[in-house]
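Protein sequences appear in the order of chains D and Z.
Under the numbering used here, residues 26 to 438 are what the first sequence spells out, in order.
Under the numbering used here, residues 26 to 438 are what the second sequence spells out, in order.
2 protein chains.
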Amino acid sequence: MKVEIITIGNEVLRSETRENNGEYLSRILTGSGIEPVRITVLPDDQDLITEEMGKAAGRCDAVIVTGGLGPTVDDLTRQAAIALFGGQTELKDEITESIEKRFRELGLQTPESYRDLARIPAGARVLPNSVGAAPGLALKYGRSEIYLLPGVPAEMHSIFQSFVLPELSGGDGEKKTVIQIFGLMETSVEERLSRLFDERLKAQISITADPAGIKLYLPARLVKDDTIDSLRKLFGSHIFSIASEKMEDVVIDLLKNSGSTLSVAESFTGGLLASTLISVPGASESFLEGFVTYSNESKEERLGVDHRLIGRCGAVSEEVCVSMAQGALKAAGSDIALSTTGIAGPGGATAGKSVGLCYIGMAAQDSVYCRRMQFPGDRYTVRLRGVYVGLDMLRLRLSGEKERLSKYIVTDR
Amino acid sequence: MKVEIITIGNEVLRSETRENNGEYLSRILTGSGIEPVRITVLPDDQDLITEEMGKAAGRCDAVIVTGGLGPTVDDLTRQAAIALFGGQTELKDEITESIEKRFRELGLQTPESYRDLARIPAGARVLPNSVGAAPGLALKYGRSEIYLLPGVPAEMHSIFQSFVLPELSGGDGEKKTVIQIFGLMETSVEERLSRLFDERLKAQISITADPAGIKLYLPARLVKDDTIDSLRKLFGSHIFSIASEKMEDVVIDLLKNSGSTLSVAESFTGGLLASTLISVPGASESFLEGFVTYSNESKEERLGVDHRLIGRCGAVSEEVCVSMAQGALKAAGSDIALSTTGIAGPGGATAGKSVGLCYIGMAAQDSVYCRRMQFPGDRYTVRLRGVYVGLDMLRLRLSGEKERLSKYIVTDR
């Protein structure tokens, strides 16, 4: 099953948008064992879109086109598809009704420009859009299926996941097993893999790394009955998932299953830890409260951190980090509390405390933990690393991995 | 000056790397007034690379190819270029010497595989690589110049900035003016633009929209002496920037300049509002504290929201939103406070309150504001929209745009 991806739009071509539909699609397709063979970014040029859509369909089994389906004058993909199919169109009342319903719910009149969206190439299937106005379309062209999806990422993801991916993965693709690891350097992961796979096999494993962890993609032919067990032995509690769920999903699941509640006290992460947890639907069952105590005064008033402690050790210190976690635990009445204090940069460094110095704390009734880290990277990266180190400490605690946590126990409190 | 970009590599095609050379190049080219007309991602397939490189060169003034220049067996771009130029090669001693010097400095022997890098298409220019081993190459093909650059981003950036960009921007490039707008639908922005520009001119303006606002990119030829003034009249206080700064940058600047302090009380945005503000370096001067009051209990304890008020109106209500903002103002002792409460979805809808229903509040000593919104989109999009509606209310207040804010004043409190 070979698939080409075409993303449309002058703003995409000029990188004037954060949308990266090509990358999203190729990642999900690859993870599902479907091979993306080409990605093309084209401008808003109707003739060119028609031509390239036809060529792509002639070369592969399916073409996914994103963008240019909306109601504005530079949305030309539907027109390009109509041209590719010889100009024959039909008017779909279901599209009109769905768009009118959407605007009615928002208390708005349907703008005239949206009426055109109901005119589609004759014979096309409508792929309903539950997130936005413009539906996706699917058309048979030669031996290939062309899928037209909106460019707005949330809408594209929804239609792709609901309709396109299920159709495509009926194919003969080879699934990949994803192993997710936290708390090891990429070079160290590579070294350990060499104990299990020879160089030829290892070269077939792709590895990606970012602040949320390291992902290994193993093609199915490499995964024998005992491979997962061997990897678990190799990486121990560093493995946080053998699926594509995120660290925050894992943590929220563990909280729910253990019936534990959580609060967080954040300084340098500044709400990013709370926000990452709350991004998981249903987080409200376990997440009670967050304190974004950015100023020293708020650390004192909200979390009961001693004014003199901040004076003596500085706000970026193990002592204050521990006191923040204990304060959040008490104030929120949660079972566990996480805390963060650090220097995200670019300013804020002092003598002996450089940009990237961060402390991550965790308090429960029976014990208190604190990790000192010196993170590389820019302001956002430092904050993101802080978030994931905190979530990983929580994961280790909730999954009973005492050994790795034990070295972070703060004993004299 | 029309440029095509080709990025090479199975790992790029499968999004197994974070490298995004296409995006980097298109952004820099666009910013320099050079038009990227197509971006293509191709697999490690020598014949295909040869073919597509030739086609691209036939269509435009310059082609930039990244990736596949290294010494490993899947590096095929140099071979593809040799094939495109009929197989004629020459051996460049300067390349061999530079590579040997690099390895010598690292205390290493030059691996045999690197010797091939010195064999290049006859007539190609060498673009020295000051960061890594493989040099870039430039070749004249028909009326077009083909630039071959390494795929490693740091190496590619260095060669591109030192050699390629200066050659290309000798051309007829044109800078663009960015106008950023908040609080209007994209269709409404287009309608207003029609009052100022005829269809032919309007088509030269590219428009992007996301929850953080709408961006208009105007090519310099469209910007006369009075154009910015006319646009200001057209969009009034909806314009929040005539540069590429973000809404949060604008807001933090306004807070600093007015010497005002801010606190936030968040429910459905769950830390995302605080985190967005704190992403701006130096936010600590103005941002005092955030309350992520996700549970009803925390709304009561931290912000003093009346238990009976939540019982009577529900946590997602104007009354509770206003009380949250007033509570944050008092608890944090800030000059202004923002609050959010809503249903981000996918769960949480109740009779009469559907997913996407959100209230955004703002309190100061002299007045209280609240906006009711029904946001479309998925959980993250709804939260992001909430964040930017809140920041925009703050911007209007701080920049003295009373008129648009006045309709959100809550009078009976």
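By construction, the Cβ of each residue, glycine as well, lies at the ideal position given by its N, Cα and C atoms.
Please work out which residues of its chain come closer than 6 Å, Cβ to Cβ, to MET181 of chain D, disregarding the five sequence neighbours upstream and downstream, and give them in chain order.
Stepping through the first sequence from its first residue, residue 181 of chain D is reached at position 156. In the same chain as MET181 of chain D, and ignoring 5 residues on each side of it, the C-beta atoms closer than 6 Å to its own belong to ASN46, THR91, LEU174 and PRO175, in chain order.
According to DSSP, is CYS346 of chain Z part of a helix, a strand, or is it coil?
The count along the second sequence starts at 1 and reaches residue 346 of chain Z at position 321. The answer is helix: DSSP assigns CYS346 of chain Z an H, G or I state.
Taking 9 Å as the threshold (C-beta atoms), are SER262 of chain D and ILE59 of chain D in contact?
The count along the first sequence starts at 1 and reaches residue 59 of chain D at position 34. The count along the first sequence starts at 1 and reaches residue 262 of chain D at position 237. Contact flag unset, no.
Confirm, please, whether the CB-CB distance from GLU130 of chain D to SER379 of chain Z is below 9 Å.
As a position in the second sequence, residue 379 of chain Z is number 354, starting the count at 1. As a position in the first sequence, residue 130 of chain D is number 105, starting the count at 1. Cβ distance < 9 Å, so SER379 of chain Z and GLU130 of chain D count as in contact.
The beta strand (DSSP E) enclosing THR32 of chain Z, as first and last residue numbers:
As a working note, residue 32 of chain Z is residue 7 in the second sequence. Per DSSP, THR32 of chain Z belongs to the beta strand (DSSP E) from 27-33.
Report the three-state DSSP secondary structure of THR121 of chain D (helix, strand or coil).
Position 96 of the first sequence, counted from the first residue, corresponds to residue 121 of chain D. Annotated three-state conformation of THR121 of chain D is helix, per DSSP.
Among residues of its own chain, excluding the 5 on either side of MET418 of chain Z, which ones have a beta-carbon nearer than 8 Å to its beta-carbon?
Taking the second sequence and counting its residues from 1, one reaches residue 418 of chain Z at position 393. The beta carbon of MET418 of chain Z sits closer than 8 Å to those of LEU363, ILE385, MET387, TYR394, ARG396, LEU430 and TYR433, all from its chain and outside the five residues before and after it, given in chain order.
In whole angstroms, what is the alpha-carbon distance linking ALA87 of chain Z and TYR242 of chain Z?
Residue numbering aside, residue 87 of chain Z sits at position 62 when the second sequence is read from its first letter. Residue numbering aside, residue 242 of chain Z sits at position 217 when the second sequence is read from its first letter. TYR242 of chain Z has its alpha-carbon roughly 24 Å from the corresponding atom of ALA87 of chain Z.
Does the separation of the CB atoms of ILE145 of chain Z and ILE89 of chain Z fall below 9 Å?
For the purposes of this step, residue 145 of chain Z is taken as the residue at position 120 of the second sequence. For the purposes of this step, residue 89 of chain Z is taken as the residue at position 64 of the second sequence. No, the Cβ-Cβ distance between ILE145 of chain Z and ILE89 of chain Z is not below 9 Å.
Contact list for LEU241 of chain D against chain Z, beta-carbon separation under 7 Å
Numbered from 1 along the first sequence, position 216 holds the residue referred to as residue 241 of chain D. The premise fails here: LEU241 of chain D is roughly 11 Å from chain Z at the closest Cβ pair, so nothing lies under 7 Å.
Return the residue from the list D:GLY111, D:ILE107, D:GLY167 and D:TYR166 that minimises the CA-CA distance to LYS141 of chain D.
Taking the first residue of the first sequence as 1, we reach residue 141 of chain D at position 116. Going by the sequence as given, residue 141 of chain D is Asp instead of Lys. Considering only D:GLY111, D:ILE107, D:GLY167 and D:TYR166, the residue with the shortest C-alpha distance to ASP141 of chain D is D:ILE107.
State yes or no: is the beta carbon of GLY500 of chain D nearer than 9 Å to at least one beta carbon in chain Z?
For residue 500 of chain D there is no data in the structure shown, the boundaries of chain D being 26 and 438.
Within 10 angstroms of the Cβ of ASN282 of chain Z, are there 16 or more other Cβ atoms? Answer buried if so, exposed if not.
On the second sequence, residue 282 of chain Z is found 257 positions in, with the first residue counted as 1. Exposed, by the Cβ-count rule.
Suppose you measure from the CA of GLU224 of chain D to the CA of GLU215 of chain D; what does that come to, to the nearest Å?
As a working mapping, residue 224 of chain D is identified with position 199 in the first sequence. As a working mapping, residue 215 of chain D is identified with position 190 in the first sequence. Each residue's Cα considered, the two are about 10 Å apart.
Count the CB pairs spanning the region 58-78 of chain D and the region 61-80 of chain Z that are closer than 8 Å, and state whether there are at least three.
The region 58-78 of chain D vs the region 61-80 of chain Z: in contact.
Out of D:VAL435, D:ARG39 and D:VAL407, which one is the CA nearest neighbour of ASP391 of chain D?
On the first sequence, position 366 is the one that residue 391 of chain D refers to. Closest option to ASP391 of chain D, Cα to Cα, is D:VAL435.
Helix, strand or coil for THR75 of chain Z, going by three-state DSSP, please let me know.
In the second sequence, counting from the first residue as 1, residue 75 of chain Z sits at position 50. Here THR75 of chain Z sits in helix by DSSP.
So that I know if they touch, is there some Cβ in chain D lying closer than 9 Å to that of VAL378 of chain Z?
On the second sequence, residue 378 of chain Z is found 353 positions in, with the first residue counted as 1. It should be pointed out that residue 378 of chain Z corresponds to Lys in this sequence rather than to Val. It does not: the Cβ of LYS378 of chain Z has no partner Cβ on chain D nearer than 9 Å.
Opposite ILE64 of chain Z in the DSSP bridges: which residues?
As a working mapping, residue 64 of chain Z is identified with position 39 in the second sequence. Paired residue(s): D:VAL66 and Z:ILE30.
From VAL151 of chain D to THR406 of chain Z, what distance separates their C-alpha atoms?
Here the question's residue 151 of chain D lines up with position 126 in the first sequence. Here the question's residue 406 of chain Z lines up with position 381 in the second sequence. If I take the Cα positions, the gap works out to 24 Å.
Any contact of the region 156-164 of chain D with the region 229-242 of chain Z, i.e. 3+ C-beta pairs under 8 Å?
No, the region 156-164 of chain D is not in contact with the region 229-242 of chain Z.
Identify which residue in Z:LYS271, Z:VAL317 and Z:LYS27 has its Cα closest to the Cα of SER288 of chain Z.
Along the second sequence, read from residue 1 onward, the residue named residue 288 of chain Z stands at position 263. Checking every option, the nearest Cα to that of SER288 of chain Z belongs to Z:VAL317.
So what does DSSP say about PRO178 of chain Z, is it helix, strand or coil?
By one-based count along the second sequence, residue 178 of chain Z stands at place 153. Correct three-state label for PRO178 of chain Z: helix.
Any idea what DSSP makes of PHE260 of chain Z, helix, strand or coil?
The sequence position of residue 260 of chain Z within the second sequence is 235, counting from 1. PHE260 of chain Z sits in a helix when the DSSP states are folded into three classes.
Once you ignore the five residues that flank GLU36 of chain D on each side, which residues in its own chain have a CB closer than 7 Å to its CB?
For the purposes of this step, residue 36 of chain D is taken as the residue at position 11 of the first sequence. Same-chain partners within the cutoff: THR42.
Roughly how many whole angstroms lie between the Cα atoms of LYS27 of chain Z and GLU77 of chain D?
The residue you call residue 27 of chain Z lines up with position 2 of the second sequence. The residue you call residue 77 of chain D lines up with position 52 of the first sequence. If you take the alpha carbons of LYS27 of chain Z and GLU77 of chain D, they lie about 18 Å apart.
My guess is that PHE293 of chain Z and GLY411 of chain Z are in contact by the Cβ rule of under 8 Å, so how many angstroms apart are they, rounded?
For this step, residue 293 of chain Z is matched to residue 268 along the second sequence. For this step, residue 411 of chain Z is matched to residue 386 along the second sequence. At roughly 6 Å, the Cβ-Cβ gap stays under 8 Å, so PHE293 of chain Z and GLY411 of chain Z are in contact.
Determine, using beta carbons only, whether GLU130 of chain D comes closer than 9 Å to chain Z.
Taking the first residue of the first sequence as position 1, residue 130 of chain D is located at position 105. Residue-level contact by beta carbon holds for GLU130 of chain D and chain Z, with a gap shorter than 9 Å.
In chain order, what residues of the region 136-167 of chain D put their CB closer than 7 Å to some CB of chain Z?
Cβ contacts with chain Z come from PRO136, SER138, VAL156 and GLY157.
Out of curiosity, what's the CA-to-CA distance linking ASP100 of chain Z and GLY284 of chain Z?
Counting from 1 along the second sequence, the entry for residue 100 of chain Z is found at position 75. Counting from 1 along the second sequence, the entry for residue 284 of chain Z is found at position 259. ASP100 of chain Z and GLY284 of chain Z: Cα-Cα distance of roughly 57 Å.
Can you pull the chain D residues whose beta carbon is under 7 Å from the beta carbon of GLN205 of chain Z, in chain order?
Within the second sequence, numbered from 1, the residue matching residue 205 of chain Z stands at position 180. None at all; the shortest Cβ gap to chain D is about 12 Å.
Considering only the alpha carbon of each residue, which of D:SER323, D:LEU298 and D:ALA290 lies closest to ALA350 of chain D?
Numbered from its first residue, the first sequence carries residue 350 of chain D at position 325. Here the closest residue by C-alpha is D:ALA290.
Between the C-alpha atoms of ARG219 of chain D and LYS227 of chain D, what's the straight-line distance to the nearest angstrom?
For the purposes of this step, residue 219 of chain D is identified with residue 194 of the first sequence, where counting begins at 1. For the purposes of this step, residue 227 of chain D is identified with residue 202 of the first sequence, where counting begins at 1. What sits at residue 219 of chain D in the sequence shown is Ser, not Arg. When rounded, the distance between both Cα atoms is 7 Å.
Hey, how far is the Cα of SER348 of chain Z from the Cα of VAL330 of chain Z?
Stepping through the second sequence from its first residue, residue 348 of chain Z is reached at position 323. Stepping through the second sequence from its first residue, residue 330 of chain Z is reached at position 305. Cα to Cα, SER348 of chain Z sits roughly 6 Å from VAL330 of chain Z.
Would you call the CB atoms of ALA299 of chain D and GLY296 of chain Z closer than 9 Å?
Counting from one through the first sequence, the residue named residue 299 of chain D turns up at place 274. Counting from one through the second sequence, the residue named residue 296 of chain Z turns up at place 271. Yes; because the gap between Cβ atoms is below 9 Å, this pair is in contact.
Can you give the beta carbon distance from VAL203 of chain D to SER269 of chain D, rounded, assuming they're within the 8 Å contact cut?
Against the first sequence, residue 203 of chain D aligns to sequence position 178. Against the first sequence, residue 269 of chain D aligns to sequence position 244. The Cβ separation is near 5 Å, so the contact holds.
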